[in-house]
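Beneath this line is the structure, given in structure tokens, with notes to follow.
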Amino acid sequence: MRSAAELFFTDTMSRHAKLTFPDKMNANCPIEVKPVREVDSHDFDFLCRRLSELNKSTSDGWPADQLDAFRQAEVYRWFTDEAAGGLDWSNRDLTLAYLKLAESCLSSTFILTQRIAALKRIALSKNDLLRESKLPLFLTGQQTATVGISHLTTSRRHVAQPVMSFQTTEDGILLNGFCPWVTGANDTAGVVVGAEDSNGRQVLAFASTSATGLSVESGFDLIALTNTHTGPVRLQNVHVPYDDVLAGPVENVLSTMGTHSTGSFQTSALALGLAASAIGFLENESASRTDLEEGAGSLRLQHDRLASTLLEAASGNPVCTNEEIRTDANSLVLRATQAAMVAAKGAGFVQGHPVGRWCQEAMFFLVWSCPQAVRDANLCELAGV
């Protein structure tokens, strides 16, 4: 017997398939996206269709139109509670939303995760003045922020000296150093920066991208997702008043913020969203190539079962650990995209074909916020151990 989450996921996907849309959306034509209040709605389905059409025409450039569609849909309100002016979507609904958004446009959805990470930390800050001054514009999407905190978690933790340091002053803090991995800072009002002092205390602070001494470098020339403009942000004697300090100084500042658990599911959801794109390609090809039917069907079954497991976990009913879900999601996205390449043949290996791009994007999940246990498991699978 299938679980409630499996039935929900299957029924939802079936309903989506029956919806009717214009045969073609002109990606360059301004089309209004309505505010989305529920994930299980026609407005959400339309947002996903719009993102998909825009992704086809702007896959190599900064996804400005997709991000504007997020603003029109009032996506930022999904992730905050009603007291702050949000819609307080459940973890399950947010996870399901990430699944479908990533299938429609991975690059803009990844950018969204970084903006939401900043928004949530501002919303949860105990600094009332900061929340009141920043949240109204951020919830509407009129302004956005991103995060520069990877060096406090997995990135560069082996370095003896902190890459981003702070010193307290009479009226604030001074930031010096660099955040090695920041996404889309060139298009935001500020960066939520993590920094550490000589005593091991840490802070989170909102540093305006227009602040004197802050420079946003060109994004790295990545194997994939270069259009997310992910790269270093450098700060030299950047003054941040106490009014813009989110938390700290304290040890392990991230653990004090109390962010709820969507973040532990979002990376797996994005991996499954990308896998769904590749599986959809296989299914379309199998309509005229019967040799692909078995492979496409098996991958779809694996995807739907794992998506069901993920939704169960997001609903508070885990049947396995988050690391096990992430390990399986990494495995599936790699296998599904390469299976799509097999089906696409030489055409998929030509620059610009979506299958080639998906294969490159799949490797991103081997390095993005990837815990050691997941890396070890994926390496063992690849090594045939």
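Read in order, the letters of the sequence shown are residues 0 to 384 in numbering that gives the first Met the number 0.
Each residue gets a CB set at the ideal place from its N, CA and C atoms; glycine is no exception.
Since we're looking at a predicted model, the values are computed, not measured.
{"Asked": "Beta-carbon contacts of Gln166 that lie in its chain and below 6 Å, excluding the five residues immediately before and after", "Found": "Leu173"}
{"Asked": "Alpha carbon of Ser287 to alpha carbon of Ala83, nearest angstrom", "Found": "51 Å"}
{"Asked": "Straight-line Cα distance separating Ala339 from Gly345", "Found": "11 Å"}
{"Asked": "Unbroken beta strand (DSSP E) run spanning Gln201, endpoints", "Found": "Gln201 to Ser207"}
{"Asked": "Reduced DSSP secondary structure (H/G/I, E/B, other) of Ala286", "Found": "coil"}
{"Asked": "Ranges of the beta strand (DSSP E) found wholly within the region 59-147, counting only runs of at least 3", "Found": "144-147"}
{"Asked": "Cβ shell of Leu331 (< 8 Å), same chain only, five flanking positions each side left out", "Found": "Ala270, Leu271, Ala274, Leu298, Gln301, His302 and Leu305"}
{"Asked": "Supposed contact pair Glu102 and Ser437 - C-beta distance, whole angstroms, cut 8 Å", "Found": "In this structure the chain extends from 0 to 384, so residue 437 is not present and cannot be described."}
{"Asked": "Sub-8 Å separation of Leu138 and Arg76 beta-carbons", "Found": "yes"}
{"Asked": "Where Thr261 falls: helix, strand or coil (DSSP)", "Found": "Its pLDDT being 49, under 50, Thr261 is placed unreliably in this model, and the coordinates cannot settle the point."}
{"Asked": "CB contact flag (Gly171, Pro240, <8 Å)", "Found": "yes"}
{"Asked": "Exposed unless 16 or more other CB atoms sit within 10 angstroms - verdict on Gly383", "Found": "exposed"}
{"Asked": "Length of the line joining the Cα atoms of Ala117 and Gly183", "Found": "12 Å"}
{"Asked": "CA-to-CA distance, Gln235 to Thr266, given in whole angstroms", "Found": "32 Å"}
{"Asked": "Alpha-carbon spacing of Cys104 relative to Trp61, whole angstroms", "Found": "12 Å"}
{"Asked": "Nearest residue (CA-CA) to Leu98, options Asp87, Leu111 and Leu86", "Found": "Leu111"}
{"Asked": "Nearest-angstrom Cα separation, counted from Leu378 out to Thr9", "Found": "At Thr9 the pLDDT is 48, less than 50, meaning the model places this residue with poor confidence and gives no usable figure here."}
{"Asked": "DSSP three-state assignment for Gly348, whether helix, strand or coil", "Found": "The residue you asked about is not Gly; residue 348 is Phe in the sequence shown. The answer is helix: DSSP assigns Phe348 an H, G or I state."}
{"Asked": "Range covered by the alpha helix (DSSP H) that runs through Gly230", "Found": "Note, Gly230: premise wrong, no alpha helix (DSSP H); beta strand (DSSP E) at Thr229 to Pro240."}
{"Asked": "Straight-line gap, Asn316 to Ser209 (C-alpha atoms, nearest Å)", "Found": "44 Å"}
{"Asked": "Any 3 or more C-beta pairs closer than 8 Å across the region 183-194 and the region 130-148", "Found": "yes"}
{"Asked": "Pairwise C-alpha distance: Asp327 and Phe364", "Found": "11 Å"}
{"Asked": "Cβ-based neighbour list, Ile148, same chain, cut-off 6 Å, excluding 5 preceding and 5 following", "Found": "Gly193"}
{"Asked": "DSSP three-state assignment for Trp180, whether helix, strand or coil", "Found": "strand"}
{"Asked": "For Met163, the residue or residues it bridges with in DSSP", "Found": "Gly176"}
{"Asked": "Candidates Gly294, Ala68, Val202 and Phe348, of which the one nearest Ala335 by Cα", "Found": "Gly294"}
{"Asked": "Coil, strand or helix - Ala194 by DSSP", "Found": "strand"}
{"Asked": "Residues near Thr211 by beta carbon distance below 6 Å, same chain, minus five either side", "Found": "none"}
{"Asked": "Candidates Asn185, Ala206, Asn175 and Asp64: closest to Ser197 by CA position", "Found": "Asn175"}
{"Asked": "Per DSSP, cross-strand counterpart(s) of Ala270", "Found": "In the DSSP output, where bridge partners are listed per residue, Ala270 has none listed."}
{"Asked": "Strand pairing of Val215, partner residues [DSSP]", "Found": "Val232"}
{"Asked": "Where Pro353 sits in the DSSP three-state scheme", "Found": "helix"}
{"Asked": "Proximity of Val232 and Glu216 at Cβ, strictly below 8 Å", "Found": "yes"}
{"Asked": "Where Gly294 sits in the DSSP three-state scheme", "Found": "helix"}
{"Asked": "Cβ pair Val252, Leu203 closer than 8 Å", "Found": "yes"}
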